[in-house]
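From first to last, the protein sequence lines stand for chains A, B and C. According to our numbering, the first sequence is numbered sequentially starting from 13. According to our numbering, the second sequence is numbered sequentially starting from 260. According to our numbering, the third sequence is numbered sequentially starting from 1223. For reference, the structure discussed in these notes is given below.
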Amino acid sequence: MKFDTIIIGGGLSGLVAGIDLSRKGQKCLIVSSGQSALHFFSGSFELCSLADNPYEGIATLGAEHPYSKIGAESIADLSAKVKPLFKEVGITLKGVKDANHWRITPMGVLKRAWLTMDEYGTVPADGVMPWKKVAVLNIDGFLDFHTSYIAAGLEAKGVECSVHAISMPELERLRMNPTEMRSTNIAKTLTGDLIGALAARINEYAHDVDAVLMPAVVGLTSSTDVVKLKEKVDRPLHFIATLPPSVPGIRIQMMLKKHFQKLGGVYMLGDSVVSGEFEGGKLKSIKTNNHGDTEFKADNFILASGSFFSKGLASDIDGVYEPIFGLDVDSLDVRSEWYERNLFDAQPYMSFGVATDNEFHVKKNGERIENVYATGSVLSGFHPMKQGCGAGVSILSALYVSSLLKTIR
Amino acid sequence: MFKEYDVIIIGGGITGAGTARDCAMRGLKTLLIERHDLTAGATGRNHGLLHSGARYAVTDQESAEECIRENMTLRKIARHCVEETDGLFITLPEDDLKFQDTFIQSCLKAGIRAEAIDPAEAIRLEPSVNKALTGAVRVPDGAVDPFRLTVANVFDAQLHGAEVLTYHEVVSILKEGYRVVGVEVIDNQSKEKKTLRSRLVINAGGIWGHAIAEMAGATVNMFPAKGALLIFGHRVNNMVINRCRKPADADILVPGDTICLIGTTSSRLPYDQIDDMKVTPDEVDLLLREGAKLAPELADTRILRAYAGVRPLVAADNDPSGRSISRGIVCLDHETRDGIPGFITITGGKLMTYRLMAEWATDLACKKLGVDKKCQTAEICLPGSEETKTEKKSSSQHVWLGEKAAQGRHGSRSTNIVVNDENDASLVCECEGVSVAEVNYAIETLGAKNIINLRRRTRLGMGTCQGELCACRASGLLSKANGCAKKSAEDLASFMNERWKGMFPVAWGETLAEAQFTAWIYEGVCGLDAFDKKEEA
Amino acid sequence: MSKNKIDTSFEQCMKCTVCTVYCPVVAVNPDYPGPKQAGPDGERYRLKNPLFYDETLDLCLNCKRCEVACPSNVKIGDIIQSARLKYGTHKPKLRDYILANTDVMGSLATTMAPVVNFTLGLKPVKSVMDAVLAVDHHRTFPKYAGQKFETWFKRHALKKQDTYNNKVSYFHGCYANYNHPKLAKDFVKIMNAIGYGVNLLEKEKCCGVALISNGFKDQAQKQAELNLSSIRKAVARGEKVLTTSSTCTFTMRDEYEHILGLDNADVRDSINLATKFIYELVDAGEIVLKFKEDYVKRIAYHTPCHMEKLGWALYSTSLVRMIPGVNFMMLDSQCCGIAGTYGFKKEHYQDSQKIGEGLFKQIIDSQLDMVATDCETCKWQIEMSTGVPVENPISIIADALDVEATVKANQK
């Protein structure tokens, strides 16, 4: 089977590339081995969290950083496309281009963010809390969200908090299962006609507060329930991220995928690429586990297979490698140098990834593969958490590589 | 007026715990002091092997005899801490099969049932064993959970009136003249100092007992011996597997609860490093290489963590060189030895012989205090191991994993884990099946104050993911119980850091992927790095 | 994997809980521990002590949607199925035997089809089945045909097959043989039209999917070995072995190895769904399909769970979309709830219908002429629950095919 571009990896980076290329008329295939890291989404995309202005932070990054390969001018162009792209997919993001705002984490601390899903609670760039008094709610018995942390964090910033647990008879059935009182199952329960009843329960605590904060446990497959709930709650309602799985993250994943398919893209989930046929410095075709001896051919390939968690990178006792094609990786040879003893220090392994040139062409045995590009967290040279740039690298590297590939028709 | 105890025991490892139980059972007014948590030292950092004594039979008959006696005792009094798995001593092609005869004879002489079995039979009994084996001997080895055993001893001591102070560190020994009359401690959490008086002080500080003796003015020469171990993700083996040869590095593979562990290495360690032990890449490589000889599957099995414990090797009395090491139990009466009345040191020995060590120390204490009571610790069951008449639920009733797992961990006491409603049955730790109710039980009854305490009392965070979701859930419950969110958040950060310390020496493959996932959640989504206290790192 | 080795893919579990998001059972039945707990979490405990096995694992549909979702390649569904076979203490009931042995029942029933169909449709019989056999009385039993496909083939089609140079073998499965020979006939019609002759396998037994899910592992192994040996002979003749059921295909390609521990690596790639085989020929330009202009229908495709796992919906949908008069729609990929024999059991009936609810609603709301799907049990479930007719893509192609034009186009 023949495609214009085959993308390996169906997470944020792969889907953004797939959508952008499909818009250019390309026939794209995405091969995704399992669901993506969007399932653990915080609610916010970060561009660069090193400074109040993300572009100022980007200017301080070294040459090995993917942003430096893209270049300041392209970064500015491409980053302007992010909000409209998600709007087209059906996801409203808030935030301005050149100033980070703050998101409220489940531990009640503030972290810099660039674009945040509309339904989440945020604090403006100046750090001034937008509320004097809030109600912090949880679903009774939901262990993946702790109101005490949120309340303590907000109170330290001068916001008066009242904490409440709400219950609904419809959740009792779910509660009977000791392992399944989880965000997504709550979202599957609290939907449709129940939104009104949920709003009524929330409104019991919404009298004299400026806002209501609650865990992101509504709106698994579309934002309809979220919009309806916000309408029916008397005060502004904001979500705060939960422990995984992330309900809004899964929704983003589903909507990106649907949009990609609507544009004619083929998405193969639960399949993994097992081999590739190289010829004359180019990748000709790949084979997958599910399709056995069937060959998938393409003019170009994008490796958006993620980092260690997603198996885009693999490691064993002897070293780090790229498991599909055996591409060159940037890593350290001595195992003990992969780590810092303190968990919260900048862990060197987080910056490992496949080696690329300035146009994100990958290399194999030192040779550039001219039709294979890498995007997203499989790339080397950045630290998603310490530099606060994980989502930014995923999205912008995908848009950048897409911009290098041709428009069909 | 200070409250005066009959006896203060320093050290919340298994020896101190056993001694506290024995003293309390004999009616002594007892206080147990531990500077960190129970089992924080060598007790929580070993194989968890219920030695049959076979390992010592050829080299040390006395230890072997002690082991098999205590082995049989623990099966009776600590049923819920023990797994009766039996063990194999296998001969590999590179070993001398002739050693097997000597080995069996020595075992039988020490009273250890040892029976040579056909290699094919050994493979049938334990399918994970190296198929190249040329001989096998079956012995009554088993597994013992040192956390559970220690907590049960302390719990029973408390039931007999003993008091326990964890996170209290002895900073000096109080003396009147030469006589020891108590200790001065600092509360490691509030930094508050306290003076505690007693008629006797028993030093059960393991390797740290060296420094405690020094505070009292006595010299007990101890030499730290480091032993590193690896924990694997699941039970590869169901019987203990040993090598049938003279004891060497990495030649014991022990199944324990849901995991198995290989150990140990053995190396002398400078005394100033005992609080900061690192497992080196060389040690990891050695353990893996040798471990795979016992069970080849280990080479491809996920490793959860690496850790090292430190054994106190006690120099035969007054040999400062350390060349002549005492292998057995050392119970020192400092009154007769050093002219320091009121001070006893109990050390040497091993996890297996803790009860006997406690008996010796308590016998001596009773003699000093003029108490004439017999030791009963070998006859009376520990809490959780009592015979019960309560029958299992009818088979039609569905029992969740969490409930079954808790029965295993708390034995007959698991009936005290109260499940009031569905929320209580909810699992906090899914890998190890720890429910909200069990966490609450550990907080209310077993004295758990932080997540590390909870881990040692329930196995929370000890499974495959090493606390990736459960730590945060547990932290929320603790925050509710102790009412301080900031303290709980800091506790969570330090717990995750403690897990990481054991993970990074083996962080490749799935363990590295798990570490990355955990970092995304805790640092990325949650922002837990804001609560990291750098000085603890 | 050999017959006795334990699958340690549970070690790869990152505890990320993604599997539980996509489990259809968890969403409707709180008694089911969920794929993570029943699979990788539970497995560690079962290795410690088989007493940790939990009979509620029977609630697993074996839909494998957990495996498809898993980012870490954990064979969650396989772990659960293997645990059921290894530790399950439930004795299979007479009912399970009847449901599991689709081919034995099929041969008995076909000979007496009118009587059987009539009887199975009677209210009193349904309530007896409900009460005595615990087969839910709401269920409509698939009708049995009066003449097996095999009989028809030997009488009416066999001779002609020798006239073709290209050959394929056909694994018809129980359904096409006993209940719905039209599907098999449609398959032969298409293959012949594109210039391929059809051989039956030397011997064919039920693929064994129902035996596996009802706990008859030994029998499943025997049948699997027999099928593999027939398939090997066909492959040795240079023929691909084609099927018209996603579940049979999936079972023979993947479950034979993962659950039954049989080595099928040598023939796995040769076992193909007919739609995949045909699509690839079209894609490679080797054949051409010509369709009737007056075939105009609005058709939506439902992805059966095992098709989702195979990842082959692409081929079936691409073929159906080639029909010019088809207004095509893709339904959201979700379980219909039947899961083979699962939904027939009285104890599962309610769950089964609840699982399918969303799908049924989407179908009813979409104003369709027909639903296309590659699985026979999905067909029964959807037809019973929505009233919308359901056909295999092969039958749809066969109906829409302009046979004469196609034959002509493919004559070289």
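A virtual CB, placed ideally from N, CA and C, is assigned to each residue, including glycine.
| said: Pull the bridge partners of Trp114 of chain A from the DSSP assignment, please. | reply: When DSSP reads this structure, Trp114 of chain A sits in a beta bridge with A:Arg124 and A:Val135.
| request: Could you check the C-alpha separation between Ser644 of chain B and Thr274 of chain B for me, to the nearest Å? | output: Rounded to whole angstroms, Ser644 of chain B to Thr274 of chain B spans 19 Å at the Cα level.
| query | Any chance the region 744-751 of chain B sits against the region 330-340 of chain A, with 3 or more Cβ pairs inside 8 Å? | reply | Because the criterion of three Cβ pairs below 8 Å is not met, the region 744-751 of chain B and the region 330-340 of chain A do not touch.
| query | When the cut-off is 8 Å and only beta carbons count, does Glu1289 of chain C lie next to chain A? | reply | Judged by the 8 Å Cβ criterion, Glu1289 of chain C is in contact with chain A.
| field | Own chain residues within Cβ distance below 7 Å of Thr1242 of chain C, not counting five before or after | value | Once the five neighbours on either side are set aside, the close Cβ partners of Thr1242 of chain C are Val1248, Gly1256, Pro1257 and Lys1258.
| request: For Gly643 of chain B, go through chain C and note every residue whose CB falls closer than 7 Å to its CB, in chain order. | output: The premise fails here: Gly643 of chain B is roughly 18 Å from chain C at the closest Cβ pair, so nothing lies under 7 Å.
| query | Should Lys627 of chain B and Arg285 of chain B be called a contact, given that it needs their Cβ atoms to be closer than 8 Å? | reply | No.
| DSSP state of Arg372 of chain B mapped onto helix, strand, coil | The three-state secondary structure of Arg372 of chain B, taken from DSSP, is coil.
| task | Compute the Euclidean distance between the alpha carbons of Thr1278 of chain C and Glu382 of chain A, then round it to the nearest angstrom. | result | The straight-line gap from Cα to Cα measures roughly 53 Å.
| Are three or more beta carbon pairs between the region 508-515 of chain B and the region 671-691 of chain B nearer than 8 Å? | No, because fewer than three Cβ pairs between the region 508-515 of chain B and the region 671-691 of chain B fall closer than 8 Å, the two stretches do not touch.
| request: Flag this pair as touching only if the region 1449-1463 of chain C and the region 1510-1519 of chain C have three or more C-beta atom pairs under 8 Å; answer yes or no. | output: Segments in contact, no.
| task | Count the CB pairs spanning the region 21-37 of chain A and the region 408-416 of chain A that are closer than 8 Å, and state whether there are at least three. | result | They touch, by the three-pair rule.
| said: I need the DSSP call for Gly365 of chain A, collapsed to helix, strand or coil. | reply: Strand.
| task | Within 10 angstroms of the Cβ of Gly107 of chain A, are there 16 or more other Cβ atoms? Answer buried if so, exposed if not. | result | Label assigned to Gly107 of chain A: buried.
| task | Give, in chain order, every residue of the region 1239-1266 of chain C whose Cβ lies closer than 8 Å to some Cβ of chain B. | result | Listed in sequence order: Thr1239, Asp1253, Pro1255, Lys1258, Gln1259, Pro1262, Asp1263, Gly1264, Glu1265 and Arg1266.
| request: Return the bridge partner residues of Thr17 of chain A from the DSSP annotation. | output: For Thr17 of chain A, which the question treats as bridged, DSSP gives the partners A:Cys40 and A:Asn312.
| task | Might you give, ordered along the chain, the residues of its own chain that have their beta carbon closer than 8 Å to the beta carbon of Arg456 of chain B, omitting 5 neighbours on each side? | result | Phe261, Lys262, Glu263, Tyr264, Leu433, Val440 and Gly441, listed in sequence order.
| request: Closer than 8 Å, Cβ to Cβ, to anything on chain B: give me those residues from the region 175-196 of chain A, in chain order. | output: Within the region 175-196 of chain A, those residues whose Cβ lies closer than 8 Å to any Cβ of chain B are, in chain order, Glu184, Arg187, Met188, Pro190, Thr191 and Met193.
| query | Just reading off the beta strand (DSSP E) that Ser1391 of chain C is part of, what are its end residues? | reply | Asn1388 to Phe1393 is the span of the beta strand (DSSP E), which, as asked, contains Ser1391 of chain C.
| Should Ile1545 of chain C and Met1592 of chain C be called a contact, given that it needs their Cβ atoms to be closer than 8 Å? | Taking the C-beta atoms as reference points, Met1592 of chain C is found no nearer than 8 Å to Ile1545 of chain C.
| CB-CB under 6 Å to Ile376 of chain B, same chain, minus the five flanking residues each way: which ones, in chain order? | For Ile376 of chain B, same chain residues with a beta-carbon under 6 Å away, outside a window of 5 residues either side, are Ala395 and Arg397 in chain order.
| task | Report the residues of the region 748-773 of chain B with a CB closer than 8 Å to any CB of chain C, ordered along the chain. | result | If the cut-off is 8 Å between Cβ atoms, the region 748-773 of chain B has Glu769, Ala772 and Glu773 near chain C.
| said: Using beta carbons (cut-off 8 Å, strictly below), is Cys724 of chain B in contact with chain A? | reply: So no, Cys724 of chain B is outside the interface.
| Should Ile1618 of chain C go down as buried or exposed, given a rule of 16 or more other Cβ atoms within 10 Å for buried? | Only buried fits Ile1618 of chain C, as 16 or more other CB atoms lie within 10 angstroms of its CB.
| Using 8 Å as the Cβ pair cut-off and three pairs as the minimum, do the region 186-195 of chain A and the region 284-292 of chain A touch? | Between the region 186-195 of chain A and the region 284-292 of chain A there are fewer than three C-beta pairs closer than 8 Å, too few to call the two in contact.
| Is the Cβ-Cβ distance between Leu417 of chain A and Thr17 of chain A less than 8 Å? | Closer than 8 Å, so yes.
| field | Coarse secondary structure for Met762 of chain B, derived from DSSP in three states | value | In the structure shown, Met762 of chain B adopts helical secondary structure according to DSSP, grouped into three states.
| Considering only residues of the same chain and omitting the five flanking positions on each side of Leu1581 of chain C, which have a CB-CB separation below 6 Å? | Cβ within range, chain order: Gln1556 and Cys1558.
| task | Verify the CB distance criterion: does Leu1269 of chain C have a CB-CB separation below 8 Å to chain B? | result | Closer than 8 Å: yes.
| query | Which residue's Cα is closest to the Cα of Cys503 of chain B: B:Leu308, B:Asp355, B:Ala766 and B:Arg672? | reply | Answer by Cα proximity: B:Asp355.
| task | Figure out for me which residue from C:Ser1304, C:His1378 and C:Cys1282 has the closest Cα to the Cα of Asp1253 of chain C. | result | Distances from the CA of Asp1253 of chain C to each of C:Ser1304, C:His1378 and C:Cys1282 were compared; the closest alpha carbon is that of C:Cys1282.
| Helix, strand or coil at Glu382 of chain A according to DSSP, with G and I counted as helix | When DSSP states are grouped into helix, strand and coil, Glu382 of chain A belongs to the strand group.
| With 16 other CB atoms within 10 Å as the buried threshold, where does Thr647 of chain B fall? | By the 10 Å Cβ count, Thr647 of chain B comes out exposed.
| Inter-residue spacing [alpha-carbon to alpha-carbon] between Arg561 of chain B and Met1236 of chain C | C-alpha separation (whole angstroms): 11 Å.
| Cβ shell of Leu520 of chain B (< 8 Å), same chain only, five flanking positions each side left out | So the qualifying residues of the chain are His306, Gly307, Leu488, Leu489, Ile490, Phe491, Leu512 and Val513.
| field | DSSP state of Gly568 of chain B mapped onto helix, strand, coil | value | DSSP places Gly568 of chain B in strand when its eight states are reduced to three.
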